[in-house]
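In the working numbering, the protein residues as written are 1301 to 1434.
A short worksheet on the structure shown next.
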């Protein structure tokens, strides 16, 4: 049965967008070393009949490439793997996580660009993530 929140496209009925949040059991702080925010190029140039090429935005909202690292326990790493593989369907879905350099409880919508990686640090793991905000 369709609800007012469903979106009808032809004969396909799509459910409303579901908000997916970063698991509360995972860290909400980032390691300073290796952290970076890089705005991606959002302009495209195209030729015109006369004069210099014109430029326009490629997207309506500019995206930012994010390189982040977090310190995690083995249990947190397992939670992240489950979140990535099952909740995000192999990293295909966007989710909301704590925003770096933001106010308390401020989140931003991001998506994994590649599979998270880990390397040992004493009894814990340093987990590296490449994300894209939109």
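Glycine included, C-beta positions come from ideal geometry on N, C-alpha and C.
For clarity, every value in this text was computed on a predicted model and none was experimentally measured.
Using 9 Å as the limit for Cβ to Cβ distance, is residue 1348 near chain D?
Here chain D cannot be found, since the structure has a single protein chain.
Expressed to the nearest angstrom, what Euclidean distance is found between the alpha-carbon atoms of residue 1381 and residue 1374?
Counted from its first residue, the chain shown places residue 1381 at position 81. Counted from its first residue, the chain shown places residue 1374 at position 74. So the two alpha carbons sit approximately 11 Å from each other.
Please report the Cβ distance between residue 1358 and residue 1343, rounded to the nearest whole angstrom; I am assuming they are in contact, meaning their Cβ atoms lie under 8 Å.
Counted from its first residue, the chain shown places residue 1358 at position 58. Counted from its first residue, the chain shown places residue 1343 at position 43. Their Cβ separation, rounded to whole angstroms, is 6 Å, which keeps residue 1358 and residue 1343 in contact under 8 Å.
Kindly indicate which three-state DSSP category residue 1359 falls into: helix, strand or coil?
Start at 1 with the first residue of the chain shown, and residue 1359 comes out as number 59. Coil at residue 1359, not helix or strand.
Can you pull the DSSP bridge partners for residue 1407?
Position 107 of the chain shown, counted from the start, is the residue given in the question as residue 1407. In the DSSP output, where bridge partners are listed per residue, residue 1407 has 1398.
Quick check on the DSSP output: the alpha helix (DSSP H) that includes residue 1350 runs from which residue to which?
The count along the chain shown starts at 1 and reaches residue 1350 at position 50. First-last for residue 1350: undefined, no H or E at that position.
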